[in-house]
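Chains as they are written, first to last, in the numbering used here: chain A, 1 to 478; chain B, 479 to 956.
In this text, a Cβ means the ideal position worked out from N, Cα and C, and glycines have one as well.
Bear in mind that the values here come from a model prediction, so they are computed numbers and not experimental data.
Here's the structure we're looking at; comments come further down.
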């Protein structure tokens with residue numbers, strides 16, 4: 001690859017360390033500042049290279065003594081000492097963490113509100129008695145659902161189904177779309193005798209040859225159904241059997257957007273045309289498209305954005321062809337774009353038929369419009385709902401969505417300035433809220449910048465007040 | 479169906495309420511009795527029919543006010559008031575619960591050891607900071623793994639990968655088998671350029687046409703990969719696209735076993751022959767079998783057992799044809815058969831290449847022999863591992879596996895007597911440990927017995943001491 005993506009954590013680090021003068025940088029909300037005083041650190045502090053000697057020792061231990069797979073381990077963490085935006089490793093290195101466990105820690109480490117929740121004796125039972133939620137829900141289930149997931153339901157949606165993780169959420173959302181599609185085809189009549197006998201041996205018409213349309217560069221998870229719609233990296237897909245499902249091009253926008261508005265409109269139109277062609281082609285193939293799945297911002301495939309108009313027209317195409325429209329907000333949901341759901345930026349009253357979530361929502365799941373035959377043992381975990389209630393309280397009380405919008409603006413302005421300053425190195429600065437990215441010339445340069453930026457924190461490099469101001473303004477993970 | 483399965487909960491209820499004289503019934507271990515005094519109830523106590531008026535109200539509320547799917551809800555529970563083997567509902571009904579949240583509560587409700595763990599401030603951080611375990615494990619990860627999952631590793635296995643639920647465990651175990659199979663095929667050479675380009679668009683050879691061989695009546699989960707190997711009920715499979723993978727017959731044994739030893743040996747030989755035929759047939763079809771997956775006792779498909787000899791010969795067939803052998807212990811693992819893993823009853827030093835688990839282990843996951851490219855955001859949840867450590871301590875301290883073996887014997891003897899007493903109603907009593915079942919003549923009779931047995935607890939029906947004795951002797955869920 002000629003260019004490569006710079007991680008969002010790096011973008012924020014760069015912004016903080018190299019560029020300090022953009023408007024909005026000094027803004028700190030009173031509430032956020034108050035929360036920080038209670039539990040946050042002053043700034044990063046590096047004591048060793050990373051991974052440090054203790055981390056390396058733990059890796060050796062896990063690998064050779066316990067024979068465990070450690071291929072992807074970065075370093076070992078001291079979660080007890082981690083606070084707010086700062087992750088502390090076992091060597092005492094304290095790093096500004098804007099990647100937050102693959103974007104799954106919504107309001108920082110050891111948040112006082114969550115610690116307090118843990119010490120409330122009324123909550124004990126929820127942790128030690130995990131129910132089979134689908135058959136034996138706890139007494140407080142309607143209340144907790146109202147307080148948590150129903151209070152942030154996307155426009156036009158009032159039903160929600162919790163799940164244990166992002167992949168399970170998407171797998172079950174796909175099943176819901178298949179069931180919906182077949183119910184629609186059958187009309188009032190129930191399944192035929194042939195449906196019933198054939199499905200038990202994996203054959204049609206009971207197991208129909210339906211498909212889900214996905215996009216190049218998409219990431220929707222790694223279980224077999226999800227993986228058939230994931231097209232971001234070879235390592236995810238290699239050697240795993242898949243389905244012959246259609247894959248449409250995701251728009252490849254040119255930056256800066258204002259200079260390429262005509263070209264980008266043409267690119268989006270081309271992609272939408274291809275979507276319609278694929279729907280027709282797969283119907284003719286005998287594998288009709290039951291649903292279209294898309295991320296509002298492609299997160300794992302290189303931070304790819306498209307216009308609100310693109311998504312609204314795509315949703316119309318889905319409706320026109322009788323396909324369900326599934327917006328996968330596993331990565332984008334939870335506030336990092338400055339709105340609770342990234343699809344809210346489209347300004348549509350009826351954005352989707354299904355919206356799935358996980359990560360920063362702490363529980364997986366999906367919103368939908370009709371009930372389906374979806375079931376498993378746990379159907380989520382009410383103890384995660386309990387945390388989510390408190391996370392939502394903090395987001396509201398401290399106006400964190402506004403904070404994300406403000407700090408996101410500072411961040412993207414900083415990235416614009418940086419790419420103007422280093423045009424040979426950086427390009428395609430883009431983002432929404434704090435969900436920002438910039439491309440670096442090549443992988444080696446990217447890696448060099450990453451390490452240099454992290455190690456810079458070993459010495460005092462900038463005014464602590466400014467740094468503090470910036471960090472506090474983006475307490476939501478990006 | 480002419481006959482239908484009686485739930486294990488009913489078997490235990492029947493045994494307790496109708497039959498009280500079998501040897502072993504009075505056995506109560508000192509440790510178990512001590513634990514019970516601390517936190518268990520004396521016996522069941524029914525105040526209303528089930529679901530009671532408050533449960534019905536909650537269902538209406540959830541359905542009509544919150545538009546949620548309530549199709550499968552039995553009743554609402556008061557988990558705070560539930561203790562040990564007794565589940566209390568929102569109407570104050572206290573029921574002996576031997577089904578325990580689809581077999582996922584290993585040592586009873588609100589166990590004092592687990593409550594104590596929750597109040598230890600050293601554990602707080604593990605609950606509020608859920609890590610991306612594959613890249614940033616916590617400091618105590620090697621220790622906790624040794625204390626929990628590695629301490630109960632199946633024979634010949636030292637590697638374990640945690641996952642969030644049973645379906646994810648099996649999905650990733652299947653992926654591990656596919657990757658292993660393709661690595662074996664490729665030998666020393668890495669993936670070809672064609673492998674790499676084809677996999678990104680769901681095509682072979684990168685996404686190879688490999689298959690997993692499963693059995694009629696099997697249940698391995700409901701996500702798309704798992705569902706292709708599940709063949710227990712129409713409702714799970716209908717309307718969901720699947721893979722053309724081979725399905726072998728699971729032996730249908732005749733009972734009592736001692737009367738049909740020749741017929742049963744023939745039946746098992748027939749099934750094994752069919753397995754070999756299918757492996758050859760699917761290889762010729764161009765869809766080679768990468769792995770065989772089987773439950774040691776088919777749990778969801780009607781409590782179907784096979785002999786140790788059957789499993790050992792099946793494992794040999796897998797090895798002979800170069801297929802991985804995956805034993806799915808999601809339902810059977812955790813002690814309910816009287817051993818920690820049901821496959822231990824086979825007496826083999828090398829029972830499997832992969833063993834998956836979830837439910838009573840509180841965390842999902844699988845044991846395996848080689849490292850693979852398996853990854854996702856959470857890779858499990860260390861807070862569940864923390865509970866598992868304590869559950870294992872209780873199982874060891876209170877000799878619960880011995881208790882299961884003893885009470886299982888009492889239970890199966892009771893079922894034998896019952897079917898001798900009611901030959902027109904009951905048949906095929908079978909089981910291992912407390913994992914027991916009996917068939918009832920028809921669905922209507924089964925349902926009638928279920929309700930009658932539950933409602934009997936409204937009046938004092940048997941000696942409380944005896945009842946207590948029996949309950950305490952099976953604290954592991956069945």
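The alpha helix (DSSP H) with residue i in it runs from where to where?
| i | result |
| --- | --- |
| residue 788(B) | 786-798 |
| residue 236(A) | 234-237 |
| residue 753(B) | 739-762 |
| residue 289(A) | Per DSSP, residue 289(A) belongs to no alpha helix (DSSP H); it is in the beta strand (DSSP E), 289-294. |
| residue 958(B) | In the structure as shown, chain B begins at 479 and stops at 956. Residue 958(B) is therefore absent and cannot be evaluated. |
| residue 327(A) | Counting along the chain, residue 327(A) falls outside any alpha helix (DSSP H), though it belongs to the beta strand (DSSP E) covering 324-328. |
| residue 303(A) | Neither: residue 303(A) is in no alpha helix (DSSP H) and is coded neither H nor E. |
| residue 128(A) | 124-128 |
| residue 410(A) | 400-421 |
| residue 851(B) | Counting along the chain, residue 851(B) falls outside any alpha helix (DSSP H), and DSSP gives it neither H nor E. |
| residue 923(B) | 921-934 |
| residue 547(B) | Per DSSP, residue 547(B) belongs to no alpha helix (DSSP H) and is neither H nor E. |
| residue 674(B) | 671-677 |
| residue 482(A) | Given that chain A is displayed from residue 1 to residue 478, the structure contains no residue 482(A) and the question cannot be resolved. |
| residue 500(A) | The first residue shown for chain A is 1 and the last is 478, placing residue 500(A) beyond what the model contains. |
Going by DSSP, name the residue or residues bridged to residue i.
| i | result |
| --- | --- |
| residue 565(B) | 573(B) |
| residue 845(B) | 638(B), 833(B) |
| residue 579(B) | Beta-bridge pairing links residue 579(B) to no other residue. |
| residue 226(A) | In the DSSP output, where bridge partners are listed per residue, residue 226(A) has none listed. |
| residue 167(A) | Answer is none; residue 167(A) lacks a bridge partner. |
| residue 109(A) | 84(A) |
| residue 725(B) | 692(B) |
| residue 523(B) | 572(B) |
| residue 77(A) | 89(A), 616(B) |
| residue 776(B) | 782(B) |
Starting from residue i, follow the beta strand (DSSP E) in both directions and report where the run begins and ends.
| i | result |
| --- | --- |
| residue 914(B) | 913-918 |
| residue 212(A) | 211-215 |
Report the residue from the options whose alpha carbon sits nearest the alpha carbon of residue i.
| i | options | result |
| --- | --- | --- |
| residue 598(B) | 705(B), 864(B), 794(B) | 864(B) |
| residue 829(B) | 617(B), 631(B), 618(B) | 631(B) |
| residue 544(B) | 207(A), 394(A), 149(A), 113(A) | 149(A) |
| residue 623(B) | 58(A), 179(A), 226(A) | 58(A) |
| residue 696(B) | 710(B), 690(B), 683(B) | 710(B) |
| residue 74(A) | 616(B), 527(B), 582(B), 579(B) | 616(B) |
| residue 355(A) | 283(A), 366(A), 316(A) | 366(A) |
| residue 874(B) | 629(B), 884(B), 848(B) | 629(B) |
| residue 131(A) | 636(B), 621(B), 580(B) | 580(B) |
| residue 593(B) | 204(A), 114(A), 129(A) | 129(A) |
| residue 604(B) | 612(B), 619(B), 590(B), 613(B) | 619(B) |
| residue 791(B) | 755(B), 746(B), 811(B), 780(B) | 746(B) |
| residue 181(A) | 282(A), 324(A), 260(A) | 324(A) |
Mind reading off the beta-carbon distance from residue i to residue j? Whole number of angstroms is fine, and I expect it under 8 Å.
| i | j | result |
| --- | --- | --- |
| residue 804(B) | residue 655(B) | 6 Å |
| residue 691(B) | residue 724(B) | 5 Å |
| residue 404(A) | residue 338(A) | 5 Å |
| residue 166(A) | residue 359(A) | 6 Å |
| residue 90(A) | residue 76(A) | 4 Å |
| residue 842(B) | residue 685(B) | With 8 Å as the limit, residue 842(B) and residue 685(B) do not qualify as a contact, their Cβ atoms being about 25 Å apart. |
| residue 371(A) | residue 549(B) | 7 Å |
| residue 783(B) | residue 639(B) | About 29 Å; that fails the 8 Å criterion. |
| residue 288(A) | residue 189(A) | Incorrect: roughly 19 Å between the Cβ atoms, too far for contact. |
| residue 717(B) | residue 374(A) | Wrong, their Cβ atoms sit about 11 Å apart, outside the cutoff. |
| residue 243(A) | residue 228(A) | 4 Å |
| residue 84(A) | residue 47(A) | Their Cβ separation, rounded to whole angstroms, is 19 Å, which puts residue 84(A) and residue 47(A) out of contact at 8 Å. |
| residue 299(A) | residue 331(A) | 4 Å |
| residue 407(A) | residue 434(A) | 6 Å |
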